[in-house]
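A short write-up of the structure that comes next.
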Amino acid sequence: MEHIGNVVFGNEAVTYLKEVLISSKENNRNVFFLVDTNTAEFCLPLLHKLIKSNDLNFFIISISAGEEYKNLDTLSHIWHELTEKRAGRDALLINLGGGMVTDIGGFAASCYKRGIETIHIPTTLLAMVDAAIGGKTGIDFNYFKNQIGSFYQPSQVLVMSDFLSTLPNRQLMSGFGELLKYGFIANPKLLKAVPFSFDNHHNWLDLTRICVATKVEITSKDPNEKGLRKILNFGHTVGHAFESWSLENGGNLLHGEAIAAGMLCELWISHKIFDFPILEIESYIRIFQKYFDPFRFSKSLTDDLLNRMEHDKKNKGQSLRFVLLKSVGEAVYDVEVDAETVRESLDFYINTTKKKL
Ligand SMILES: NC(=O)c1ccc[n+]([C@@H]2O[C@H](COP(=O)([O-])OP(=O)(O)OC[C@H]3O[C@@H](n4cnc5c(N)ncnc54)[C@H](O)[C@@H]3O)[C@@H](O)[C@H]2O)c1
Numbered sequence: 001m002e003h004i005g006n007v008v009f010g011n012e013a014v015t016y017l018k019e020v021l022i023s024s025k026e027n028n029r030n031v032f033f034l035v036d037t038n039t040a041e042f043c044l045p046l047l048h049k050l051i052k053s054n055d056l057n058f059f060i061i062s063i064s065a066g067e068e069y070k071n072l073d074t075l076s077h078i079w080h081e082l083t084e085k086r087a088g089r090d091a092l093l094i095n096l097g098g099g100m101v102t103d104i105g106g107f108a109a110s111c112y113k114r115g116i117e118t119i120h121i122p123t124t125l126l127a128m129v130d131a132a133i134g135g136k137t138g139i140d141f142n143y144f145k146n147q148i149g150s151f152y153q154p155s156q157v158l159v160m161s162d163f164l165s166t167l168p169n170r171q172l173m174s175g176f177g178e179l180l181k182y183g184f185i186a187n188p189k190l191l192k193a194v195p196f197s198f199d200n201h202h203n204w205l206d207l208t209r210i211c212v213a214t215k216v217e218i219t220s221k222d223p224n225e226k227g228l229r230k231i232l233n234f235g236h237t238v239g240h241a242f243e244s245w246s247l248e249n250g251g252n253l254l255h256g257e258a259i260a261a262g263m264l265c266e267l268w269i270s271h272k273i274f275d276f277p278i279l280e281i282e283s284y285i286r287i288f289q290k291y292f293d294p295f296r297f298s299k300s301l302t303d304d305l306l307n308r309m310e311h312d313k314k315n316k317g318q319s320l321r322f323v324l325l326k327s328v329g330e331a332v333y334d335v336e337v338d339a340e341t342v343r344e345s346l347d348f349y350i351n352t353t354k355k356k357l
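75 is the number that my numbering gives to position 75 of the sequence shown; each next residue is one higher, with no gaps.
Have a look at this one:
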């Protein structure tokens, strides 16, 4: 079987899913598919086509699409549905969707009857390269990202790139943001391989495999984020502050867009503290300007953003801690950074997003 850790790709993933559904039917085991309104419309029909059978029983739990629904109310709805349909401890919850669905579905499964089996089928590029891998689950709370959650591994992650054919371009680019992160923290070659023009039909599977292999290697060494795993949060301290502000203020900043913007600030801090090469920052600015419509804000938002960063789970006590880079592929975690330097990085970002290189 073509797999990396518990992640299976392509045709093998389809075969695996079919076998699980057939054996569940034979054993009278309840199977639930968690979908959001978009994956119900675009991905469920494709899934039926891929497994070429309409004769398999499963329940559907549908939730609203969008980060603003990754919350307690939606979680309660999932548990309500599982309870109503009498899901037992042997039930299986299959999360068919992007990172929002795999995060909340994974969390729902981790607590329901103290944990039922769950499988992720990521349908966005972002979930294929990142969110569905590594066993982090959770919901947002009081507008803070992933404030409540657990570490809970799905038994399998089934990656089928066919789903990308219906993904809107902006969502694809959001996944591209996380993909670039893997280049910065561990894979200089990935940054060199950045294609300068692509669409949904681009061969994403090869790039996905590289990201998955990197994440599986890192998370298997440090499953509970005591050390090494923190490097996966590069770009996230600032990025989550942007995302949290947007969430609270009715903005529509996407997760990968927030991380792409956060990486720009954190590259600047890396330059200030570790002399990260300025040429690499300039080359990233070109990528950033080409692929992303940047999150724009004025200096008056700085205090608010800093306040949000202080809530970041990576901090200890009051000090701000960052993942920074010494060079491309050489990440360092738990670096204490003073508030003034963070402010300067936000100024740098504001100025950069005003002009074109
Ligand atoms: N657990 C982790 O390790 C981890 C890592 C990174 C990000 N995340 C989380 O992932 C989430 C972001 O994931 P995302 O970008 O996949 O967001 P998402 O799940 O909200 O999906 C983005 C949009 O695309 C739609 N969609 C999904 N698949 C589609 C398809 N094939 N065709 C058409 N539309 C489709 C969704 O309905 C949604 O509207 C955030 O909540 C973030 O915090 C988690």
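Glycine residues also receive a C-beta, built at the ideal position from the N, C-alpha and C atoms.
Can you give me the C-alpha to C-alpha distance between residue i and residue j, rounded to a whole angstrom?
{"i": "Thr123", "j": "Ala132", "result": "10 Å"}
{"i": "Cys265", "j": "Leu179", "result": "17 Å"}
{"i": "Val194", "j": "Glu26", "result": "46 Å"}
{"i": "Glu217", "j": "Tyr69", "result": "31 Å"}
{"i": "Phe59", "j": "Thr83", "result": "12 Å"}
{"i": "Asp338", "j": "Ser298", "result": "21 Å"}
{"i": "Leu357", "j": "Tyr16", "result": "Reliability fails at Leu357, whose pLDDT of 49 lies under 50, so the model's placement of it is uncertain and the value that follows must be treated cautiously. For Leu357 and Tyr16, the distance between alpha carbons rounds to 48 Å."}
{"i": "Ile104", "j": "Lys18", "result": "24 Å"}
{"i": "Thr373", "j": "Ile22", "result": "Outside the shown range of the chain (1 to 357) lies residue 373, about which nothing can therefore be said."}
{"i": "Met173", "j": "Tyr291", "result": "7 Å"}
{"i": "Leu207", "j": "Asn233", "result": "19 Å"}
{"i": "Gly329", "j": "Thr219", "result": "17 Å"}
{"i": "His271", "j": "Phe184", "result": "14 Å"}
{"i": "Phe348", "j": "Met100", "result": "31 Å"}
{"i": "Leu125", "j": "Phe274", "result": "31 Å"}
{"i": "Ile4", "j": "Ala13", "result": "12 Å"}
{"i": "Tyr333", "j": "Ile63", "result": "36 Å"}
{"i": "Glu67", "j": "Arg296", "result": "20 Å"}
{"i": "Met160", "j": "Phe322", "result": "34 Å"}
{"i": "Phe176", "j": "Gly256", "result": "7 Å"}
{"i": "Ala109", "j": "Cys43", "result": "21 Å"}
{"i": "Gly251", "j": "Lys181", "result": "23 Å"}
{"i": "Asp222", "j": "Leu228", "result": "6 Å"}
{"i": "Val31", "j": "Gln153", "result": "18 Å"}
{"i": "Tyr143", "j": "His311", "result": "11 Å"}
{"i": "Val20", "j": "Glu336", "result": "47 Å"}
{"i": "Tyr112", "j": "Arg209", "result": "31 Å"}
In the DSSP output, what is residue i paired with across the bridge?
{"i": "Asn95", "result": "Leu34 and His120"}
{"i": "Leu158", "result": "Val8"}
{"i": "Ser150", "result": "Thr137"}
{"i": "Val332", "result": "Leu324"}
{"i": "His3", "result": "Val8"}
{"i": "Phe144", "result": "Phe141"}
{"i": "Val337", "result": "Leu320"}
Quick check: is any heavy atom of ligand 1 less than 7 Å from the C-beta of residue i?
{"i": "Glu248", "result": "no"}
{"i": "Val159", "result": "no"}
{"i": "Gly251", "result": "no"}
{"i": "His255", "result": "yes"}
{"i": "Ala65", "result": "yes"}
{"i": "Ala241", "result": "no"}
{"i": "Gly115", "result": "no"}
{"i": "Leu126", "result": "yes"}
{"i": "Ala131", "result": "yes"}
{"i": "Val101", "result": "yes"}
{"i": "Asp206", "result": "no"}
{"i": "Ser368", "result": "With the chain covering 1 to 357 only, the question about residue 368 has no answer from this structure."}
{"i": "Leu34", "result": "no"}
{"i": "Lys111", "result": "It is worth fixing the name first, because residue 111 is Cys in this sequence and not Lys. No, ligand 1 has no heavy atom inside 7 Å of this Cβ."}
{"i": "Thr15", "result": "no"}
{"i": "Gln153", "result": "no"}
Which residues mark the beginning and the end of the alpha helix (DSSP H) in which residue i is found?
{"i": "Ile218", "result": "Trp204 to Lys221"}
{"i": "Asp312", "result": "Here Asp312 belongs to no alpha helix (DSSP H), and DSSP marks it neither H nor E."}
{"i": "Phe59", "result": "Premise fails: Phe59 lies in the beta strand (DSSP E), Phe59 to Ile63, not in any alpha helix (DSSP H)."}
{"i": "Leu172", "result": "Asn169 to Ala186"}
{"i": "Thr166", "result": "Note, Thr166: premise wrong, no alpha helix (DSSP H); not H, not E."}
{"i": "Ser246", "result": "His236 to Glu248"}
{"i": "Phe274", "result": "His255 to Phe274"}
{"i": "Leu279", "result": "Ile278 to Tyr291"}
Considering only heavy atoms of ligand 3, does any lie closer than 7 Å to the CB of residue i?
{"i": "Lys145", "result": "Of the ligands one can find in the structure shown, namely ligand 1, none is ligand 3."}
By DSSP, does residue i sit in helix, in strand, or in coil?
{"i": "Ser298", "result": "coil"}
{"i": "His77", "result": "helix"}
{"i": "Ser319", "result": "strand"}
{"i": "Asn351", "result": "helix"}
{"i": "Val129", "result": "helix"}
{"i": "Glu41", "result": "helix"}
{"i": "Arg29", "result": "coil"}
{"i": "Gly106", "result": "helix"}
{"i": "Ser53", "result": "coil"}
{"i": "Asp90", "result": "coil"}
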